[in-house]
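For the record, the sequence lines run as chains S and R.
Going by the numbering used here, 92 is the number at position 92 of the first sequence; the sequence numbering is gapless.
Heads up, the numbering used here is the position in the second sequence plus 1000, with the first residue counted as 1.
Positions of the beta carbon are idealized from the N, C-alpha and C atoms, including for glycine.
On a predicted model such as this, the values are computed, not experimentally measured, just so you know.
Notes to accompany the following structure.
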Amino acid sequence: MMMFGYLLASGITTGALYALVALGITVVYKATRSVNFAHGDLFMIGGFIAYTFHVMWGLPYVVALLLAVAAGFAIGAVVERLAFRPLRDQGLVSLLLAAIGLSFILKGTARAVWGGKGDFIPFPPIATPSPISVGGILVVPQQLIVLAGAIAVMAIFAGLFKFTKLGRMMQATADNAKAAKLVGIPVNRVYVYTMAIGTAIAGSAAVLMAPITLLYPDIGFVLFIKSFAAAVLGGLTSIPGAVAGGFLIGLIEAMSGGYISTQVQDVSSYIVIMLVLVFMPQGLFGGRALRRV
Amino acid sequence: MLTVRKSLVAIGALLAGATLALAGARAEDVPGVTKDEIRIGSFGSLTGPTYLYGKLTMNGVDAVFAKVNEQGGINGRKLVLVREDDRCDPATAIAAVKKLVFEEKVFMIIGGGCSNATLGARPEIVKDQIPFLVFASVADGISDPVAPNIYTTMTTSSIESRSQVQYAIDKGAKKIAVVSQHDAWGQSRYEPLMAELKKRNITPVVDLEMTVDDNDATTQALKITSAGADAIIMELYAKPGAVLIRALNKLGQNPMLIAQTGIADPVAFTKEVAIPGATDKFVTPSAVRYAPSDPEVKEWVERIKKMFPNDELSVFNLMGIGSAQVLVAALKAAGPDLTREKLLQAFAHIKVDTDTYAGTIICNDPVSHQCNQSPAWMKAAGEKAEVVGVTKLN
């Protein structure tokens, strides 16, 4: 029972982080109909920026988190304006190639700026190690902080998406960009905000994840694949689906590693992608997009 | 009589002349050997992130050669090191060996940094029958099965694995957990480790896998915790190793951690884990028994600093020093009429203590050409690595 409780808590915590990255992937995909393959690398840059503020400059963790989110927002906006917008009308292949190119540029930048300190960079833990009991389940305080942070970010994003003018413009643009343009929505500006918000969420995920793992320039790809699996599981166009997919992937990984074998743990997310694509191509929450008139 | 005596003197003089001429001709015939010098080749990584396995180890070799040369060389011959870069790549390593053998015409080769590159070059070395002394590569396949012309002074991966088990037992471990990578590098350690455990009738309480890409090891840490393991044998690179230790720390666990040379520097690794106390029980084996900061190797360190002021100091320098001292001992034992066969005969049953290796280097031809079976155990002590013991398998 104790093992199950630990695995559950661990799966939910890791899943919350996958959910955050999957959220960014889905938001950008909904708006642009293109998967941003550099999303994991934008996540990685967010982590390194937080490392700079927190470890190198000694700023408090929360301040580093806020600054990394702000930096992620700015980087996302710049990336959309410089890398994606000029190719917006050139077709999906051009956008995919731009994303892959951006991925290499971001990794190279990380190596140039933060490299030379070994294979990876550690981020100090943000809480003491002793586990505490929450509702009969033993939870590691650090996991609790990460989970609370991830839920807070999701709540802020949900509020922004549902209750603000920008959120409604993002929904309208995602639903039908041409129609949105016709009714006077500044679609290009919405794309910039979408990319910026997606990257800011990725940045927040990186800062939350950094204390429980290590930072290195290639971390983005692994996280991207697992979060992409979560987004696919959720239906790729569904924001609640991305969140649910993230939690599910986290739980599947933890439980398969705990009860089947640690050899299965790492491949379980890839197996999920394959099974979903074969048997449920629309994902758990996907479906034909409704066109509101 | 006078005629006969004159004739005998003449014949004697002729024979002596012929013998000298033949001896001279033989020295000239042996590749890389003249009356003044012995050209010795080396290949390994000189550039890129793996340069420390090659370049820094070669710096150690050159330091020994410089000292020998200052003292007049070996039988009047100066030692000259010819370096080739294999860039840690098997194809480049093969080209490097060919260049050393056929263009540079070296007498023998001391080298081998990255294991995969050296493994790639092994068939060429065997074919060319050039004596080869491995100074840094750890893969067993380089020296096992035994090739008549290949010896190693590095503790190989299987020796490390067997030593890990011995260390755990020596330290009183009752419940041993195994966490390993199952890639080619990990398997080369995992298989001899499991064989050694089986030989000693030990069943690990858990046998877990990690990959180099794992960012979280909570599941592994949970399983180790619930199994009550008091020692973990880690066949892991530094990154997954650090991820595992951070996950164990998250659960308040601090068992004995026994690594291998994939995590070569305990001080750097402690900094990489970055959690005070989490690596207090972490040890890793080393072919050498000192760190460059130790006073016992001060003379060598100063020599290297003087010769290579722009290169950092590393245990790989010390590995090069130890290996080169074994080579020098073999060259001396081979005598003044140096041939490759005589050098190999000298290697076959050499028994020599060096300034840096943890134990005596003993080659046991034809049973084993893996001559260093005594790894030292290092742990971090502040900014320095300290030796906490030596495991002797031979």
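Please list, in chain order, all residues of the same chain as residue i whose beta carbon is under 6 Å from its beta carbon, the five residues on each side excluded.
{"i": "lysine 1078 of chain R", "result": "Glu1037 and Asn1069"}
{"i": "leucine 948 of chain R", "result": "What the structure shows of chain R is the stretch from 1001 to 1394, and residue 948 of chain R is not part of that stretch, so it cannot be assessed."}
{"i": "phenylalanine 120 of chain S", "result": "Leu214 and Tyr216"}
{"i": "lysine 1298 of chain R", "result": "none"}
{"i": "leucine 42 of chain S", "result": "Thr199 and Ala202"}
{"i": "threonine 1354 of chain R", "result": "Gly1322 and Gln1325"}
{"i": "alanine 64 of chain S", "result": "Ala50, Phe53 and His54"}
{"i": "leucine 1022 of chain R", "result": "The pLDDT assigned to leucine 1022 of chain R is 46, lower than 50, so where the model puts this residue is not dependable; a value taken from the coordinates is nonetheless given after this. Taken in chain order, the list of residues that qualify is empty."}
Counting only the same chain and skipping the five closest in sequence on each side, list residues whose C-beta sits under 7 Å from that of residue i.
{"i": "isoleucine 1110 of chain R", "result": "Ile1040, Ser1042, Val1061, Leu1133, Phe1135, Ser1323, Ala1324 and Leu1327"}
{"i": "threonine 1225 of chain R", "result": "Leu1251 and Gln1253"}
{"i": "alanine 1329 of chain R", "result": "Ile1350 and Val1352"}
{"i": "glycine 1024 of chain R", "result": "Here the model assigns glycine 1024 of chain R a pLDDT of 45, short of 50, so the residue's position is not dependable, and the following value carries that caveat. None."}
{"i": "alanine 1348 of chain R", "result": "Cys1363 and Asp1365"}
{"i": "leucine 7 of chain S", "result": "Ala254, Met255 and Gly258"}
{"i": "proline 1204 of chain R", "result": "Ile1176, Ala1177, Val1178 and Leu1197"}
For residue i, which of helix, strand or coil comes out of DSSP?
{"i": "alanine 1023 of chain R", "result": "Here the model assigns alanine 1023 of chain R a pLDDT of 46, short of 50, so the residue's position is not dependable, and the following value carries that caveat. Three-state DSSP puts alanine 1023 of chain R in a helix."}
{"i": "glutamine 1345 of chain R", "result": "helix"}
{"i": "tryptophan 1377 of chain R", "result": "strand"}
{"i": "lysine 1105 of chain R", "result": "coil"}
{"i": "glutamine 1370 of chain R", "result": "strand"}
{"i": "asparagine 36 of chain S", "result": "coil"}
{"i": "glycine 1322 of chain R", "result": "helix"}
{"i": "glycine 58 of chain S", "result": "coil"}
{"i": "asparagine 1364 of chain R", "result": "strand"}
{"i": "glutamate 1312 of chain R", "result": "coil"}
{"i": "leucine 106 of chain S", "result": "helix"}
{"i": "serine 1137 of chain R", "result": "coil"}
{"i": "proline 1240 of chain R", "result": "helix"}
{"i": "glutamate 1383 of chain R", "result": "coil"}
{"i": "isoleucine 1074 of chain R", "result": "strand"}
{"i": "serine 133 of chain S", "result": "strand"}
{"i": "threonine 1270 of chain R", "result": "helix"}
{"i": "lysine 1351 of chain R", "result": "strand"}
{"i": "isoleucine 1258 of chain R", "result": "strand"}
{"i": "alanine 16 of chain S", "result": "helix"}
{"i": "glycine 46 of chain S", "result": "helix"}
{"i": "aspartate 89 of chain S", "result": "coil"}
{"i": "tyrosine 1167 of chain R", "result": "helix"}
Please name the residue in the options whose C-alpha comes closest to that of residue i.
{"i": "aspartate 1140 of chain R", "options": "R:Lys1379, R:Asp1214 and R:Glu1160", "result": "R:Glu1160"}
{"i": "methionine 1234 of chain R", "options": "R:Glu1302, R:Val1165 and R:Arg1200", "result": "R:Val1165"}
{"i": "threonine 237 of chain S", "options": "S:Gly11, S:Tyr18 and S:Lys30", "result": "S:Lys30"}
{"i": "alanine 1093 of chain R", "options": "R:Phe1107, R:Thr1152 and R:Ser1045", "result": "R:Ser1045"}
{"i": "phenylalanine 157 of chain S", "options": "S:Gly5, S:Leu7, S:Ala19 and S:Ser10", "result": "S:Ala19"}
{"i": "lysine 1067 of chain R", "options": "R:Glu1104, R:Thr1219 and R:Trp1300", "result": "R:Trp1300"}
{"i": "alanine 230 of chain S", "options": "S:Phe224, S:Gly246 and S:Leu87", "result": "S:Gly246"}
{"i": "proline 964 of chain R", "options": "R:Lys1035, R:Ala1334 and R:Val1097", "result": "Absent from the structure is residue 964 of chain R, since the part of chain R shown begins at 1001 and ends at 1394."}
{"i": "glutamine 1129 of chain R", "options": "R:Gly1120, R:Glu1341, R:Leu1119 and R:Ile1232", "result": "R:Glu1341"}
{"i": "proline 1276 of chain R", "options": "R:Ile1263, R:Ala1242, R:Glu1302 and R:Phe1065", "result": "R:Ala1242"}
{"i": "alanine 1172 of chain R", "options": "R:Val1179, R:Ala1231 and R:Asn1317", "result": "The displayed chain sequence assigns glycine, not alanine, to residue 1172 of chain R. Checking every option, the nearest Cα to that of glycine 1172 of chain R belongs to R:Ala1231."}
{"i": "alanine 1259 of chain R", "options": "R:Ala1376, R:Thr1047 and R:Thr1218", "result": "R:Ala1376"}
{"i": "glutamine 263 of chain S", "options": "R:Ala1238, R:Lys1055, R:Thr1211 and R:Glu1272", "result": "R:Thr1211"}
{"i": "glutamate 1312 of chain R", "options": "R:Pro1292, R:Met1319 and R:Gly1320", "result": "R:Pro1292"}
{"i": "leucine 17 of chain S", "options": "S:Val272, S:Phe279, S:Gly58 and S:Val222", "result": "S:Val222"}
{"i": "glutamine 1187 of chain R", "options": "R:Thr1356, R:Ala1229, R:Arg1303 and R:Gly1262", "result": "R:Gly1262"}
{"i": "arginine 111 of chain S", "options": "S:Lys162, S:Thr26 and S:Met44", "result": "S:Met44"}
Who are residue i's beta bridge partners in DSSP?
{"i": "leucine 1079 of chain R", "result": "R:Ile1038"}
{"i": "isoleucine 121 of chain S", "result": "S:Leu215"}
{"i": "alanine 1173 of chain R", "result": "Alanine 1173 of chain R is not bridged to any residue."}
Buried or exposed for residue i, going by 16 or more other Cβ atoms inside 10 Å?
{"i": "arginine 1289 of chain R", "result": "buried"}
{"i": "arginine 189 of chain S", "result": "exposed"}
{"i": "serine 261 of chain S", "result": "exposed"}
{"i": "aspartate 1183 of chain R", "result": "exposed"}
{"i": "valine 133 of chain S", "result": "The sequence shown places serine at residue 133 of chain S, not valine. Flag for serine 133 of chain S reads exposed."}
{"i": "lysine 1035 of chain R", "result": "exposed"}
{"i": "threonine 1279 of chain R", "result": "buried"}
{"i": "tyrosine 1151 of chain R", "result": "buried"}
{"i": "glutamate 1272 of chain R", "result": "buried"}
{"i": "lysine 1332 of chain R", "result": "exposed"}
{"i": "proline 1049 of chain R", "result": "exposed"}
{"i": "leucine 1056 of chain R", "result": "buried"}
Using a Cβ-based criterion (distance less than 7 Å to any ligand heavy atom), does residue i qualify as near the ligand NAP?
{"i": "isoleucine 201 of chain S", "result": "Ligands in the displayed structure: none, and consequently the ligand NAP is not present."}
Ignore the nearest five residues each way along the sequence and tell me which others in residue i's own chain have a CB closer than 8 Å to its CB.
{"i": "arginine 81 of chain S", "result": "Val192"}
{"i": "isoleucine 126 of chain S", "result": "Tyr61, Gln142, Ile145 and Pro211"}
{"i": "proline 1255 of chain R", "result": "Ala1177, Ile1224, Ala1229, Asp1230, Ala1231, Ile1232, Leu1248 and Lys1281"}
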